[in-house]
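*Asks:* This is the structure I want to talk about, given as structure tokens.
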Amino acid sequence: MSEFLNFHYDVDGDNFVSAGQASVQVKKNLRQLGLPTEVIRRVSIAMYEGEINMVIHANGGTADVDVYEDRIVIRLADKGPGIKDVALAMQEGFSTANENVRSLGFGAGMGLPNMKRYTDDMQIDTVVDVGTTITMTIRLA
Amino acid sequence: MKISTIVELLDADVLTGVDHLETDVHSACGSDMMSDVLAYVKDQAVLLTGLVNSQVIRTAEMMDMVCVVFVRAKRPTLEMIDIAQESGIVLLSSEKRMYDACGTLYANGLNGARHE
Ligand SMILES: Nc1ncnc2c1ncn2[C@@H]1O[C@H](COP(=O)(O)OP(=O)(O)OP(=O)(O)O)[C@@H](O)[C@H]1O
Ligand SMILES: [Mg+2]
């Protein structure tokens with residue numbers, strides 16, 4: 001394991017307005033590190049989708065971004081309701097979001113598939129009534 | 142097309158980003174669903190929307206968009222303007238409705254999506 005940088009954030013589950021702040025900050029940090037635009041965009045979108053999910057589905061949690069020489073690892077952990085059927089949740093269009101979430105512009109059931117699409121690896125560890133940890137890896141060329 | 146041309150075509154108010162009006166943009170998209178913007182948009186620089194909350198600005202920022210146009214005379218909150226300012230995103234507000242605003246820009250040469 002080579003040297004790495006870690007960025008850690010607490011994601012407030014009660015505040016939809018502040019949701020996404022961690023992702024904005026990570027994007028700024030990665031820009032400062034001078035990483036390629038395309039890499040930064042993939043990390044940003046994947047993390048933002050996950051961060052929004054933690055707020056709208058799991059009452060918040062923590063976000064960690066580890067930057068290694070050859071990869072970036074995003075770890076989103078919450079103590080929310082967990083995901084009952086991961087295969088179903090991964091399908092485009094599947095969402096349990098309510099009308100309120102939809103009126104805020106989310107809840108199309110596109111987030112998890114989008115996170116998978118923008119990352120090289122995605123692991124979902126989830127236990128119903130205990131929580132969910134999603135680990136995403138983006139390789140640096 | 143320069144953002145200043147969008148301002149003219151849509152008869153829009155500039156709410157923040159006056160310093161960036163000479164930026165050149167080549168494509169745009171219109172949506173009230175940020176989920177769809179995050180999932181389907183690729184390389185569009187301008188977002189037209191009737192949705193007003195801070196996630197609109199953060200979505201634009203994540204997608205590397207440079208300009209958000211609020212249609213139907215919607216006005217962002219001060220907090221949204223602050224977030225946009227910090228990220229150098231231009232915010233415009235136009236009285237036009239979504240269909241008219243998109244149609245006007247399209248007819249004047251601003252493209253939509255290039256599908257993968
Ligand atoms: N962290 C989480 N905790 C509990 N359930 C989750 C979590 N993330 C996702 N889910 C479940 O998986 C479903 C699908 O998630 P996904 O992100 O694809 O769609 P969405 O969040 O409902 O809508 P969109 O992402 O398009 O705004 C959610 O509706 C929810 O039921
Ligand atoms: Mg989601």
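The listed protein sequences correspond, in order, to chains A and B.
Using our numbering, you'd call the opening residue of the first sequence number 1 and step up by one each time.
Using our numbering, you'd call the opening residue of the second sequence number 142 and step up by one each time.
The beta-carbon is built from N, C-alpha and C at its ideal position, and this holds for glycine as well.
#1: Cβ closer than 7 Å: which chain A residues qualify as neighbours of B/Met239?
#2: Put B/Glu257 into one of helix, strand or coil per three-state DSSP.
#3: Run through chain A and tell me which residues come within less than 7 Å of B/Asp173, C-beta to C-beta.
#4: A/Glu69 to A/Glu3, Cα distance in whole Å?
#5: Please name the residue or residues paired with B/Ser234 in a DSSP beta bridge.
#6: Quick one: which residues of the stretch 177-197 of chain B get their C-beta closer than 9 Å to a C-beta of chain A? List them in chain order.
#7: Between A/Ile45 and ligand 1, is there a pair consisting of the residue's CB and a ligand heavy atom that are separated by less than 8 Å?
#8: When DSSP labels each residue in this structure, what does B/Ile198 get in the three-state scheme?
#9: Can you list, in chain order, the residues of the stretch 202-218 of chain B whose Cβ is nearer than 8 Å to any Cβ on chain A?
#10: Check each residue of the stretch 82-112 of chain A: if its Cβ is closer than 7 Å to any Cβ of chain B, include it; give the result in chain order.
#11: Compute every distance between the C-beta of A/Phe4 and the non-hydrogen atoms of ligand 2, then say whether any falls below 8 Å.
#12: Is it true that the CB of A/Asn6 sits closer than 9 Å to the CB of A/Asp202?
#13: Determine, for B/Ile224, whether the minimum Cβ-Cβ distance to residues of chain A falls below 9 Å.
#14: At the level of alpha carbons, what is the spacing between A/Gly61 and B/Gln226?
#15: With 16 other CB atoms within 10 Å as the buried threshold, where does A/Gln123 fall?
#16: Which residues in the same chain have their Cβ closer than 6 Å to the Cβ of B/Thr157, if we skip the five residues on either side of it in sequence?
#17: So, is B/Pro217 buried or exposed, given that buried needs 16 or more other C-beta atoms within 10 angstroms?
#18: Is it true that the stretch 151-166 of chain B meets the stretch 76-95 of chain A, where meeting means three or more beta-carbon pairs spaced less than 8 Å apart?
#19: Return the CA-CA distance between B/Glu257 and B/Asp177, expressed in angstroms with no decimal places.
#20: Starting from the C-beta of B/Thr200, find all residues in its chain whose C-beta is less than 7 Å away, skip the five residues before and the five after it, and write them out in chain order.
#21: Return yes when the Cβ of A/Glu51 is within less than 9 Å of the Cβ of A/Ala63, no when it is not.
*Replies:* Well, looking at it:
#1: Per Cβ cutoff of 7 Å: no residues; B/Met239 is ~14 Å from chain A at best.
#2: Note on B/Glu257: pLDDT 45, under 50, position unreliable in the model; no value is reported.
#3: Gly105
#4: 7 Å
#5: B/Asp154 and B/Phe211
#6: Asp177, Val178, Leu179, Ala180, Tyr181, Thr190, Leu192, Asn194, Ser195, Gln196 and Val197
#7: no
#8: helix
#9: Glu202, Met203, Met204 and Asp205
#10: Leu104, Gly105, Phe106, Gly107, Ala108, Met110 and Gly111
#11: no
#12: This structure cannot speak to residue 202 of chain A, because chain A is shown only from 1 to 141.
#13: yes
#14: 28 Å
#15: exposed
#16: Ile222, Ala225, Gln226 and Leu232
#17: buried
#18: Segments in contact, no.
#19: Confidence at B/Glu257 is low in this model, with a pLDDT of 45, below 50, so the placement of that residue should be treated as unreliable; the coordinate-derived value is given next. Cα to Cα, the separation comes out at about 15 Å.
#20: Met175, Val178 and Leu179
#21: Against a cut-off of 9 Å, the Cβ pair of A/Glu51 and A/Ala63 comes out as a contact.
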